[in-house]
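**Student:** Before I ask anything, let me first share the structure, which is written out below as structure tokens.
Residue numbers (the UniProt record's numbering): 1 to 205.
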């Protein structure tokens with residue numbers, strides 16, 4: 001795709017995101033986006049064949065941003081458990097913030113989870129691979145017991161779904177949930193550690 005075409009598509013995406021933040025996905029029309037940009041609807045349709053295609057692009061960008069965050073945290077110095085915990089806690093707090101303060105985007109994400117199974121599957125595989133890399137590093141450091149990192153990453157993702165899956169995260173205040181998240185992650189991470197390094201700390205919720 002030529003640079004100018006990419007730039008124009010990005011402008012449309014940004015305008016659509018802004019309108020969705022303000023009004024919600026269901027209320028925003030292509031005509032609204034075109035009007036906001038001073039363009040014709042036909043010009044918008046040159047880049048996106050439908051409102052659904054535009055929504056899907058926004059969702060893909062959100063997932064790509066999340067993947068970039070996971071990669072950045074995975075590359076940090078420090079022990080593997082801290083990096084895993086940091087990513088999942090960030091994922092949780094970001095979702096809580098969206099659900100409480102930016103409901104329109106949260107609703108778009110939840111809608112997209114039901115419609116874009118291919119993007120969701122691709123994203124989970126990518127995150128699983130990043131997690132497997134961090135687990136492998138933890139094994140090399142002696143922090144985790146020897147195990148198959150790829151298999152373990154699949155199980156770990158399932159075990160911590162309440163921490164990262166938007167549909168499973170309620171709208172309770174963060175202060176009521178932080179203890180639960182701490183305990184879930186401790187429980188899951190203890191499954192990777194040798195007996196002598198298991199954490200027995202439990203935070204009251």
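Ideal Cβ positions, reconstructed from N, Cα and C, are used throughout, including at glycine.
(1) Would residue 13 and residue 61 be called neighbours here (beta carbons separated by less than 8 angstroms)?
(2) Quick one: grab the DSSP three-state call for residue 39.
(3) Let me confirm a value: residue 110 is counted as buried when at least 16 other C-beta atoms fall within 10 Å, else exposed. Which label applies?
(4) Are the CB atoms of residue 5 and residue 214 within a distance shorter than 8 angstroms?
(5) For residue 102, which residues of its own chain have a beta-carbon under 8 angstroms away from its beta-carbon, when the five flanking residues on both sides are left out?
(6) Please list the terminal residues of the continuous alpha helix (DSSP H) segment that includes residue 68.
(7) How big is the Cα-Cα spacing for residue 75 and residue 41?
(8) Any chance the stretch 46-61 sits against the stretch 128-144, with 3 or more Cβ pairs inside 8 angstroms?
(9) Evaluate contact between the stretch 177-192 and the stretch 78-89, counting only Cβ atoms and requiring at least three cross-stretch pairs below 8 angstroms.
(10) For the alpha helix (DSSP H) containing residue 101, list its first residue and its last residue.
(11) Please state if the CB of residue 122 and the CB of residue 153 are separated by a distance shorter than 8 angstroms.
(12) Determine the closest residue to residue 125 out of 26, 66, 194, with distance taken between C-alpha atoms.
(13) Let's see if you can read the secondary structure: which residues bound the alpha helix (DSSP H) around residue 139?
(14) CA-CA distance, residue 256 and residue 144?
(15) Consult DSSP for residue 77 and reduce its assignment to one of helix, strand or coil.
(16) Determine the burial state of residue 73: buried for a count of at least 16 other Cβ atoms within 10 Å of its Cβ, exposed for fewer.
(17) Rounded to whole angstroms, what is the Cα-Cα separation between residue 150 and residue 179?
(18) Taking the Cβ atom as the reference point for each residue, do residue 99 and residue 23 lie within a distance shorter than 8 angstroms?
(19) Quick one: is residue 77 buried, meaning 16 or more other Cβ sit within 10 Å of its Cβ, or exposed?
(20) May I ask which residues mark the beginning and end of the alpha helix (DSSP H) holding residue 22?
(21) Measuring alpha carbon to alpha carbon, tell me which residue in 192, 119, 95, 37 is nearest residue 148.
(22) Does the beta-carbon of residue 112 have 16 or more other beta-carbons within 10 angstroms, so that it is buried, or is it exposed?
**Tutor:** According to the data block:
(1) On the chain shown, position 13 is the one that residue 13 refers to. On the chain shown, position 61 is the one that residue 61 refers to. Yes.
(2) Counting from 1 along the chain shown, the entry for residue 39 is found at position 39. Residue state, collapsed to three classes: coil.
(3) Residue mapping note: residue 110 aligns to position 110 of the chain shown, counting from 1. Result: exposed.
(4) There is simply no residue 214 to check, as the chain begins at 1 and stops at 205 in what is shown.
(5) Working through the chain shown from its first residue, we reach residue 102 at position 102. Excluding residues within five positions, the ones whose Cβ falls inside 8 angstroms are 21.
(6) Here the question's residue 68 lines up with position 68 in the chain shown. Note, residue 68: alpha helix (DSSP H), 51-74.
(7) Working through the chain shown from its first residue, we reach residue 75 at position 75. Working through the chain shown from its first residue, we reach residue 41 at position 41. Taking the straight line joining both Cα atoms gives about 43 angstroms.
(8) The answer is no - the stretch 128-144 does not touch the stretch 46-61, with fewer than three Cβ pairs under 8 angstroms.
(9) Because the criterion of three Cβ pairs below 8 angstroms is met, the stretch 177-192 and the stretch 78-89 touch.
(10) On the chain shown, position 101 is the one that residue 101 refers to. Residue 101: member of the alpha helix (DSSP H) spanning 80-101, first to last residue.
(11) Reading the chain shown from its first residue, position 153 is the one you call residue 153. Reading the chain shown from its first residue, position 122 is the one you call residue 122. With contacts defined by Cβ atoms closer than 8 angstroms, residue 153 and residue 122 do not form a contacting pair.
(12) Within the chain shown, the letter at position 125 stands for residue 125. Nearest C-alpha to residue 125 among 26, 66, 194: 66.
(13) Residue mapping note: residue 139 aligns to position 139 of the chain shown, counting from 1. Looking at the DSSP string, the run of the alpha helix (DSSP H) that includes residue 139 is 117-140.
(14) Nothing can be reported for residue 256, as the shown portion of the chain is limited to 1 through 205.
(15) Stepping through the chain shown from its first residue, residue 77 is reached at position 77. Note: residue 77 maps to coil in three-state DSSP.
(16) Here residue 73 refers to the residue found at position 73 when the chain shown is read from its first residue. By the 10 Å Cβ count, residue 73 comes out buried.
(17) Numbered from 1 along the chain shown, position 150 holds the residue referred to as residue 150. Numbered from 1 along the chain shown, position 179 holds the residue referred to as residue 179. So the two alpha carbons sit approximately 28 angstroms from each other.
(18) Taking the first residue of the chain shown as 1, we reach residue 99 at position 99. Taking the first residue of the chain shown as 1, we reach residue 23 at position 23. Taking 8 angstroms as the cut-off, the beta carbon of residue 99 is found no closer than this to the beta carbon of residue 23.
(19) Position 77 of the chain shown holds residue 77. With fewer than 16 Cβ atoms within 10 Å of its Cβ, residue 77 is classed as exposed.
(20) The sequence position of residue 22 within the chain shown is 22, counting from 1. Taken as a continuous stretch (DSSP letters only), the alpha helix (DSSP H) holding residue 22 covers 3-23.
(21) For the purposes of this step, residue 148 is identified with residue 148 of the chain shown, where counting begins at 1. The candidate whose alpha carbon is nearest that of residue 148 is 192.
(22) In the chain shown, the residue the question calls residue 112 occupies position 112. For residue 112, the number of other beta carbons within 10 angstroms of its own is at least 16, and it is reported as buried.
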